[in-house]
Amino acid sequence: MERSFKEEVEKLKLGEGETFHGEAILAVTKALLQSGVSYVGGYQGAPVSHVMDVLNDARDILDELGVHVETNANEAGAAAMLGASINYPMRGAVAFKSTVGTNVASDALSNLASAGVKGGTVLVLGEDYGEGASIIQERTHAFAMKSQIWLLDPRPNL
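Numbering (the working numbering), first residue to last: 1205 to 1362.
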């Protein structure tokens, strides 16, 4: 279910020395902006649906910063956006569900990984370890190893 973050996204304007409090998804968005992303995109899907909600609610702020926002038709389209960072020194990020989404995006992700990047890319993947939103139990680790993509897993226990 879509949720509005219209009020909370104002916190993204906080500057150096100001304290940021909020949901983790807002902190992820703030970190992306502070890292200097030129573009962000993604495809809705649990458990990371709110990433796109935040990005779309913050569209005015992102426009002011010159950050392109795109809601993609699927995970492959989102991953293909990252191709801009292969040839150009620009940073970008996309978000989608991992379980099925990584498989849908696998061709674009494999090409991205094999070519390397001049800019920088971040994939925000939502895994569903307990089958809460998907019937497939699959982890991203094997795909990351196969494609030689760095993977940071924030879970305290693997």
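Even for Gly, the Cβ is constructed at its ideal location relative to N, Cα and C.
- [ ] Report whether the distance from the Cβ of Lys1217 to the nearest heavy atom of the ligand NAD is below 7 Å.
- [x] Annotation note on the ligand NAD: not contained in the displayed structure, which lists no ligands.
- [ ] Quick one: give me the first and last residue of the beta strand (DSSP E) that His1272 is part of.
- [x] 1272 to 1275
Task: Gly1296 beta carbon less than 8 Å from that of Tyr1243 - done: yes
TODO: Output yes if chain C places a C-beta closer than 8 Å to the C-beta of Lys1350; else output no.
DONE: Of the protein chains in the structure, only one exists, and it is not chain C.
Task: Span of the alpha helix (DSSP H) around Phe1224 - done: From DSSP, Phe1224 is part of no alpha helix (DSSP H); its letter is neither H nor E.
Open item on the list: So, for Val1271: in the same chain, excluding its five sequence neighbours on each side, which residues have a beta-carbon less than 8 Å away from its beta-carbon?
Closed with: Leu1237, Val1241, Ser1242, Tyr1243, Val1244
Open item on the list: Suppose contacts are defined by Cβ-Cβ distances below 8 Å. Is Val1298 in contact with Leu1286 by that definition?
Closed with: yes
TODO: Starting from Gly1202, follow the beta strand (DSSP E) in both directions and report where the run begins and ends.
DONE: Nothing about residue 1202 can be reported from this structure: the residues present for the chain run from 1205 to 1362 only.
Task: Distance, Asp1311 Cα to Leu1269 Cα - done: 31 Å
Open item on the list: DSSP three-state label for Ala1284, please.
Closed with: helix
Task: DSSP three-state assignment for Lys1215, whether helix, strand or coil - done: helix
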